[in-house]
Amino acid sequence: MQRRAFLQQTASALALTSLFGRAAADAYQQAFKAALPQAPWLAGLESVAQPAYDTTVAVSGRWPAALSGTLYRNGPARHDIGNFRYKHWFDGDGMLHAYRFDGKTLRHQAKMVMTTKYTEELAAGRPLYPGFASPVPNPAPVSSADAVNVANISVLHHHDKLLALWEAGSPWEMNADTLDTLGTYSFSADTDGAPFSAHPRVEPDGTLWNFGYLSAAGLLALWHIDAQGRVVKVGTVPAAPMGMPHDFVVTDRHIVVLLCPLHYRGIEGSTFLDAHEWAGDAPTRVLVVDKNDFSSYRWFELPAQWVFHFGNAWEDSQGVIHFDAARAPTPTLMQDNFRRYMRGDAGEERPSQHYSYRIDTRQGKATESALFEQSFATEFPVIDPRVSCRRNDRLVMLHRKATSKAAHPMLTGVSTYSYSTDRLESYDYPATVIPEEHLYVPRPGSAPESDGWIVGTALDFARLETQLNVFDAQHLQDGPIASAALPYTLPLGLHGKFVA
Ligand SMILES: [Fe+2]
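Numbered according to our numbering, the sequence shown terminates at residue 599, and the numbering increases by one at each position without gaps.
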């Protein structure tokens, strides 16, 4: 597609997707405060105590000499503005964290992402703009998606830029050393403001692919960016009824996007989440796009389901695309539980189960099968980044076992799985610890997937500390080989990236 046409479609769609909110009484803050003493896990959903941190602590255990670098993480952190509390976990304003370690100490730096929304609401002392699922009293008009961009989902380190990512607007550029916010980031003048999802896929050579959704226009935007950060091509695919895709996968030939049947129905007088309707009798539509030509695509179908996160994808010589994902039967976790959390209520358990998928591009058929028992719930699947968009053998993920005695409703441990040996290894955290996303960090110089560490943060709500733990990826079940604990808790976050 020509860039001018892409820009025009994007601009009109962004205008149409302006969010509107309506006034609502705020009982959430009171309910949350009342629930906290009986449910100490809710410490992970309190507003962050400070707008910035810079703390250095000693590490304990056998910290590997070769493991040195920075883990950048992002997540919703400010959940309250004065007497107003957001009504959904995903509405919290983003805070960017840097965990810098050298084998002796851990330095934790963090700063709020100074988005337009955060900055203006801080000055006003009250909410001005509606959130993803939070109506606000007397909302100000929303001029663009970036006016309500909270930059709170993930982080990307690419072509020497550190970018805090939301999913419906621009990346926010951050100073990698100071974590100061530099402003919204444009990959090119004619893609300014176009939606850039929080889950770009980066190939081993640095080639970057991403998508973004333009719900009101019924379009899915696609991005192809080179290792130097230059836009190679952009395009749109007509995809109505639009779902709310959060992640996608890429093989050496194709882009695959699942449009789960959480259909966009229009947004008048509601929030963005409420503008969607679950159509449980409709299929999940699977879009397969040629990486070389965004105008060449096919659709496949799978049963209705909800997927936040995929592990990886690859393609065999018979034209079969293989990928895996944490699959839930419905989006109830997002539509219900993540609202309840904000008023101090865990709600019913809504586990997602890990599935592997096959799309036979020659037979025109998509199929799925569960990888593990239903009693073993998973989320946050990751791989060795050196096999991204290529065939992988190993998977790292968080899990929750049905037999868990955890004193909280979140994920409870970390697992690794090998497809070739069918071996699943797990480590269960103590009952009062909530793990966040754990990443596979390769040992420098090692062959892909052969040697490395699993590195992740966790909230210990009994000790009131946020920890960083390191596991030997070959001996996960032995527990952390090294750890560092901060003398405070941080709000539970979402995704990170390790930079050696
Ligand atoms: Fe995500």
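Every residue, glycine too, gets a C-beta built ideally from N, C-alpha and C.
Terminal residues of the beta strand (DSSP E) in which residue i lies
i	result
leucine 170	168-177
glutamine 129	Element bounds for glutamine 129: not the beta strand (DSSP E) but the alpha helix (DSSP H), 127-134.
alanine 465	464-469
lysine 332	330-337
glutamate 536	532-541
lysine 500	493-500
alanine 151	151-157
glutamate 564	564-571
threonine 511	Where threonine 511 is concerned, there is no enclosing beta strand (DSSP E), given that its DSSP letter is neither H nor E.
isoleucine 324	318-324
phenylalanine 200	192-200
proline 236	Looking at the DSSP string, proline 236 is not in any beta strand (DSSP E), and its letter there is neither H nor E.
tryptophan 377	375-377
aspartate 559	551-559
phenylalanine 310	307-313
glycine 595	595-598
methionine 211	204-211
Residue from the options whose Cα sits closest to the Cα of residue i
i	options	result
alanine 501	Ala469, Thr511, Leu255, Leu575	Thr511
leucine 313	Gln566, Ser233, Gly342	Gly342
asparagine 182	Tyr539, Val235, Tyr440	Val235
threonine 215	Ser416, Leu261, Ala244	Ala244
arginine 177	Trp162, Gly224, Glu448	Gly224
alanine 246	Pro270, Ser253, Leu261, Leu255	Pro270
leucine 264	Ser296, Ser242, Leu278	Ser296
glutamate 524	Gly544, Pro534, Arg493	Arg493
isoleucine 482	Val147, Val301, Gly174, Glu220	Val301
valine 249	Leu255, Ala267, Ala239, His258	Ala267
proline 360	Arg490, Pro294, Asp179, His375	His375
histidine 574	Phe471, Ser514, Ala445, Ala561	Ser514
leucine 542	Phe597, Tyr454, Leu585	According to the sequence provided, residue 542 is arginine. The question's leucine does not apply to it. Minimum Cα distance to arginine 542 is reached at Phe597.
aspartate 304	Asp325, Gln149, Ser395, Gly555	Asp325
proline 229	Asp192, Leu261, Lys210, Ala222	Asp192
valine 419	Ala316, Ala465, Tyr440	Ala465
isoleucine 458	Phe422, Glu472, Gln473, Leu432	Phe422
tyrosine 528	Ser503, Thr429, Pro238, Ala148	Ser503
serine 395	Asn491, Leu281, Gly334, Ala583	Gly334
tyrosine 127	Ala546, Pro139, Glu145	Glu145
leucine 358	Asn391, Gly317, Tyr518, Ala469	Gly317
glycine 544	Pro579, Ser369, Ala165	Ala165
alanine 209	Leu195, Asp201, Leu221, Glu219	Leu195
proline 534	Gly143, Ala424, Pro484	Gly143
alanine 583	Thr556, Asp392, Gln327	Thr556
aspartate 392	Asn237, Val336, Gly292, Gln473	Val336
threonine 588	Thr520, Tyr152, Ala130, Gly463	Tyr152
Residue j beta carbon less than 8 Å from that of residue i
i	j	result
valine 486	glutamate 548	yes
phenylalanine 286	phenylalanine 310	no
alanine 133	leucine 141	no
tryptophan 162	valine 569	yes
valine 356	leucine 386	yes
glutamate 448	proline 508	yes
phenylalanine 409	proline 480	yes
valine 330	histidine 353	no
threonine 383	leucine 372	no
valine 254	arginine 199	no
aspartate 351	arginine 489	yes
valine 532	aspartate 571	no
alanine 530	histidine 498	no
alanine 427	tryptophan 405	yes
leucine 319	alanine 338	yes
threonine 155	leucine 205	yes
histidine 207	leucine 585	yes
glycine 160	alanine 581	yes
serine 233	aspartate 179	no
phenylalanine 231	threonine 370	yes
glycine 578	tyrosine 526	yes
valine 158	lysine 203	yes
alanine 150	methionine 211	Residue 150 is actually proline in this sequence, not alanine. Cβ distance < 8 Å, so proline 150 and methionine 211 count as in contact.
arginine 184	methionine 441	yes
proline 49	proline 590	For residue 49 there is no data in the structure shown, the boundaries of the chain being 100 and 599.
glutamate 272	leucine 278	no
N- and C-terminal bounds of the alpha helix (DSSP H) containing residue i
i	result
threonine 218	215-223
Length at least 4, wholly inside the region 383-415: the alpha helix (DSSP H) runs in chain order: none
Kindly provide the ranges of any beta strand (DSSP E) runs that are 3 or more residues long and lie completely inside the region 250-283, ordered along the chain. 253-257, 260-264, 271-273, 280-283
Under a criterion of Cβ closer than 7 Å to any non-hydrogen atom of ligand 1, which residues qualify, in chain order? Ile252, Ser253, Ala297, His298, His345, Asp346, Phe407, His408, Leu593, His594
Which residue spans inside the region 413-452 form an unbroken beta strand (DSSP E) run of at least 3? 419-427
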